[in-house]
Structures are given as C-alpha cells and as structure tokens.
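*Asks:* With the UniProt record's numbering as the guide, the letters of the sequence shown map in order to residues 1 to 244. Backbone N, C-alpha and C fix where the C-beta goes; we use that ideal spot for every residue, glycine too.
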Amino acid sequence: MQFIIQLAVVDKSGHHHTEKLFTIEKQSDAPNDLGLSLSESKLLLNTIQKQAAEYLGEHRACPCCQRNRRIKGKQTIQYRTLFGIIPVEGFRVYRCACEKPSAQTASLLNHWCDSHTHPELRSIETRWASLMSYGLTANLLKDILPVGERCNASTVRNHLCQIAQRQEAELDGLPDFLPGDPREWEKLPKPGKPMTEGIDGGYVRNRDDRKHHFEIIVGKSFAANAPTKRFGFVQCLENPMAFG
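#1: Which residues does DSSP pair with P146 in a beta bridge?
#2: Is the distance from the Cβ of C96 to the Cβ of C62 below 7 Å?
#3: Let me know if Y79 comes out buried or exposed under the rule of 16 or more other beta-carbons within 10 Å of its beta-carbon.
#4: What is the C-beta distance between K74 and V93, in whole angstroms, given that I count them as a contact (C-beta under 8 Å)?
#5: Could you spell out the range, first to last residue, of the alpha helix (DSSP H) harbouring P182?
#6: Whose CA, out of T117, D181, L140, P182, lies closest to the CA of W128?
#7: Which term fits residue 247, buried or exposed, when burial requires 16 or more other beta carbons within 10 angstroms of its beta carbon?
#8: According to DSSP, what are the bridge partners of G232?
#9: Buried or exposed: which applies to R207, given that a residue is buried once 16 or more other Cβ atoms fall within 10 Å of its Cβ?
#10: First and last residue of the alpha helix (DSSP H) that includes H111?
#11: Is it the case that the Cβ atoms of I86 and H116 are separated by a distance below 7 Å?
#12: Along the alpha helix (DSSP H) that carries Q167, what are the first and last residues, could you check?
#13: Just the Cα atoms here: how many angstroms apart are I48 and K42?
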C-alpha cells in the first residue's frame with residue numbers, strides 16, 4: 001500500500017498548486033507500520049530542507065539586475081516549531097551594487113523567516129503565559145512538546161513582549177477610544193488622584209500536604225483620597241478554604 005504525502009496550496013484566486021513531498025510503502029496488516037517510522041520522519045525532514053535549499057537558490061539572484069550574487073559563507077539556523085527544532089541550512093550573499101545596500105551582506109534565511117520561532121509556537125507560549133507564570137509555561141511546553149531545553153522563562157517572556165509591542169504598534173494612528181463627541185470630553189468629570197498598585201506572586205507550602213506548594217498572587221493599592229486596599233488570590237483553586 002502506498003501513502004503519498006503532499007502539500008496543497010490554494011491562492012486567493014482559487015488556483016491550486018500541489019507539491020509532492022514523498023511516497024512511503026506500508027503493509028496494511030502490520031501493526032508496526034502505523035504512523036511514521038524514524039527513518040520516514042528523517043526523509044520528510046530532508047525533503048523540507050531540500051525545499052528550503054531550492055528557495056535559497058531561486059532568491060540568490062539580485063532583485064534588480066537578476067545576476068547571481070556572490071556567496072559570502074554558509075549558515076545554519078535552528079527553527080523552533082511545536083514538533084521540535086529543525087536545522088535549516090543557508091548562506092549569506094554579498095549585496096549587488098545596484099541594490100544601493102545599507103549593509104554589505106544579506107542573509108537569505110533571515111529574509112525568508114525573520115523569526116526563528118514558528119508563529120503557532122509563539123501563539124501557544126503567549127496563550128499559556130497569560131494564564132500562568134513564565135516558568136510554568138516553559139516547563140509545561142517541555143513536558144508535552146519537543147521544544148528543546150532552550151525554552152525557558154526568559155524565552156517565553158521575550159516572545160510575549162515582542163507580540164505585545166507589535167500589537168501596540170498596529171494601534172498607531174487610530175482614534176482615541178473614548179466614546180461620544182470629542183467636544184464633550186472637556187465636560188467629563190476629572191479623574192481622581194493617581195493610584196499606585198504593587199503586585200507580586202510566589203509559592204506557599206501546602207498546610208496539609210507539606211510536600212506540595214501552591215501559587216498565590218497578592219497586591220496592595222495606594223491612593224491619596226481612598227483607603228489602602230490589599231488583595232490576593234490563588235489561581236485555579238476550586239476550594240478557596242482548602243489551604244486555610
């Protein structure tokens with residue numbers, strides 16, 4: 001029995017383009033043939049790396065004069081995905097004089113994928129980091145996905161900050177989000193004095209089971225015209241009286 005793995009792309013006009021990756025032979029009645037074997041997964045990886053090499057070869061030419069640019073040297077990037085780290089080989093080229101370059105050389109790999117992390121992996125990191133600490137997010141990712149040991153709290157935090165900065169930049173030029181007529185804004189009541197809040201978190205030992213800890217988040221607010229308030233909560237705790 002033959003299994004053909006293909007990649008199908010449909011553009012905006014509805015045109016279909018199908019790219020055949022590779023073909024594998026399987027015995028329908030053999031339990032060991034379920035899924036992909038290690039050798040077959042390596043073959044699929046080599047096919048993807050070959051496609052990356054073809055892309056680099058096609059884009060080696062200068063976009064202005066179409067002449068092949070001289071190769072400065074080879075490079076390898078570690079592309080992080082939900083299914084592991086994929087090494088992708090490429091090279092740097094000397095920029096052509098007709099490009100009017102600001103830099104002498106250029107990396108075709110960086111032009112192809114400016115980030116070395118797949119967007120879906122960043123999406124998972126950001127979603128989980130909004131629900132738990134950066135450290136717990138990194139540990140959970142390493143427990144269930146082959147993301148590599150380089151995934152740590154700092155990596156998750158940096159990716160989250162980059163996404164937040166990009167989203168804030170997309171808001172530039174948009175009108176203010178105050179409702180109503182701008183001419184009426186001067187009639188709105190003045191806000192009170194500035195309020196300062198401090199928030200921190202940590203782990204507390206379980207009173208009943210001394211081997212385990214639970215995470216708490218606490219804070220305190222200060223205001224000139226309001227009494228000081230303190231607050232705290234335990235995330236995802238079904239029984240708030242479980243720890244006294």
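*Replies:* For this structure:
#1: Answer is none; P146 lacks a bridge partner.
#2: Taking 7 Å as the cut-off, the beta carbon of C96 is found closer than this to the beta carbon of C62.
#3: Answer is buried; the Cβ neighbour count reaches 16.
#4: That pair is no contact at about 11 Å.
#5: Per DSSP, P182 lies in no alpha helix (DSSP H) segment and is marked neither H nor E.
#6: Out of T117, D181, L140, P182, L140 has the C-alpha closest to the C-alpha of W128.
#7: Outside the displayed range of the chain (1 to 244) lies residue 247, so it cannot be described from this structure.
#8: Looking at the DSSP assignment, G232 forms a beta bridge with V218.
#9: Under the 10 Å beta carbon count, R207 is surrounded by fewer than 16 other beta carbons and is classified as exposed.
#10: Where H111 is concerned, the enclosing alpha helix (DSSP H) stretches over 108-112.
#11: No, the pair does not count as a contact, with Cβ atoms beyond the cut-off.
#12: Its alpha helix (DSSP H) spans residues 153-170.
#13: Cα to Cα, I48 sits roughly 10 Å from K42.
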